[in-house]
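To start, the structure itself, in structure tokens.
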Amino acid sequence: MPSNQQQNSSSRELLYSTPGMPAFDGDGVKMTRIIGTAQLNMLDPFLLLDAFESDEPQDYIGGFPDHPHRGFETVTYMLEGRMRHKDSMGSEGVISANGVQWMTAGKGIVHSEMPDQESGLLKGFQLWVNLASKDKMCEPSYQEFDAQDIAVEMRTDGGQTRVIAGATNGGTTGPVRRDDIKPIYMHINLPAGGEFKQNIKAGDNAFIYVIEGDLLVGVEARSLAPKQLGVLGEGDEVMVAAGNSASEFLLVAATPINESVARGGPFVMNTKAEVLQAFEDFQNNRF
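For the sequence shown, the positions run 340 to 626 when the numbering used here is used.
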């Protein structure tokens with residue numbers, strides 16, 4: 340890793356890591372909750388991160404039947420398998436391997452997410468991203484992209500970067516846009532010993548989630564193990580290197596919203612009164 344003083348001062352180092360905790364959601368879907376726990380309640384504007392991975396149908400077949408959301412966005416990124424979604428606006432579709440759905444719940448939506456398979460591996464992530472108070476009651480909308488619509492940057496060392504949101508240092512830009520928090524969401528594959536650098540705006544919050552292999556993070560080269568999320572410190576550049584085997588990881592970052600957060604299950608607002616109003620509106624079919 341580079342070690343001169345200028346690079347050292349701008350490098351984002353690994354602050355701490357967490358494996359998350361086992362959880363169940365929907366109709367008994369088995370997962371690991373990584374953000375949204377006692378260890379890491381949130382990382383503004385990220386409210387929750389769930390990882391699901393199983394080839395046992397009983398772990399996922401129940402799916403996520405109809406349920407409401409208000410006041411934030413859900414980002415579903417599939418690595419393996421297929422997930423079918425339907426909603427109260429009449430939208431329906433299937434998210435397949437390497438596809439992403441970035442859904443803005445806004446003022447309210449009722450939707451379901453059900454496995455579009457009865458066997459095989461189902462693997463992916465769901466991230467919850469907060470909305471600023473001025474946007475919480477906007478009209479629901481989608482940014483949805485199949486695998487072929489996701490930008491891929493091939494690396495000279497044989498690795499690759501799939502860019503869902505943001506732009507790499509090489510200029511490859513992902514299809515998802517959100518102009519206020521300017522998110523970065525990248526899926527990176529490195530060969531053994533490969534290195535990766537990415538500029539991130541100072542002041543933005545950022546994390547790495549290791550899917551496979553070991554990573555060395557920052558100038559300090561602190562180790563981050565498989566199935567671990569690492570929260571990154573201040574700086575304007577992320578530098579990581581794969582260990583003795585190939586590595587696969589997510590890099591996610593965004594500008595914090597810096598507003599009060601009030602949660603009530605599927606509703607995320609700024610005040611408790613707004614959460615109670617969301618429950619009342621849902622119970623009275625105002626979504």
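Using N, Cα and C, we set each Cβ at its ideal position, and we do this for glycine too.
Checklist entry - Between which two residues does the beta strand (DSSP E) harbouring PHE464 extend? => result From DSSP, the beta strand (DSSP E) with PHE464 extends over 461-469.
Checklist entry - Measuring CA to CA, which of ILE434, GLN499, TYR481 and ASP553 is closest to ILE448? => result TYR481
Checklist entry - Taking the Cβ atom as the reference point for each residue, do HIS450 and SER427 lie within a distance shorter than 8 angstroms? => result For HIS450 and SER427, yes; Cβs fall inside 8 angstroms.
Checklist entry - From ALA531, VAL600, ASN508 and LEU615, pick the residue whose C-alpha is nearest to that of GLU587; which is it? => result ALA531
Checklist entry - At which residue ranges does the segment 408-479 contain complete beta strand (DSSP E) runs of 3 or more residues, listed in the order of the chain? => result 411-419, 422-426, 431-434, 439-443, 448-454 and 461-469
Checklist entry - From LEU470 to PHE391, what distance separates their C-alpha atoms? => result C-alpha of LEU470 to C-alpha of PHE391: approximately 24 angstroms in a straight line.
Item to check | Straight-line Cα distance separating VAL558 from ASP366 | outcome: Each residue's Cα considered, the two are about 44 angstroms apart.
Checklist entry - Is ALA490 closer than 8 angstroms to PRO514 when the C-beta atoms are compared? => result Contact flag set, yes.
Checklist entry - Closest by CA to GLY375, which one among GLY445, SER350, MET417 and LEU466? => result LEU466
Next on the checklist: Our contact map puts LEU555 next to GLY582 with C-beta atoms below 8 angstroms; I'd like the distance itself, whole angstroms only.
Outcome noted: 7 angstroms
Next on the checklist: Considering only their Cβ atoms, is the gap separating GLY463 from TYR416 smaller than 8 angstroms?
Outcome noted: yes
Item to check | Identity of the residue in LYS611, ILE539, LYS446 and SER584 nearest ALA564 by Cα | outcome: SER584
Checklist entry - LYS425 to GLY432, Cα distance in whole Å? => result Counting only the Cα atoms, GLY432 lies some 7 angstroms from LYS425.
Next on the checklist: Give me the residue from GLY402, TYR399 and LEU571 with the minimum Cα distance to LEU379.
Outcome noted: Looking at the Cα atoms, LEU571 is the closest of the given residues.
Next on the checklist: Along the chain, where does the beta strand (DSSP E) containing PHE385 start, and where does it finish?
Outcome noted: 385-393
Next on the checklist: Assuming VAL468 and PHE385 are in contact, meaning their beta carbons sit under 8 angstroms apart, how far apart are those beta carbons, in whole angstroms?
Outcome noted: 6 angstroms
Next on the checklist: Quick check on DSSP: helix, strand or coil for PHE535?
Outcome noted: PHE535: strand per DSSP, three-state reduction.
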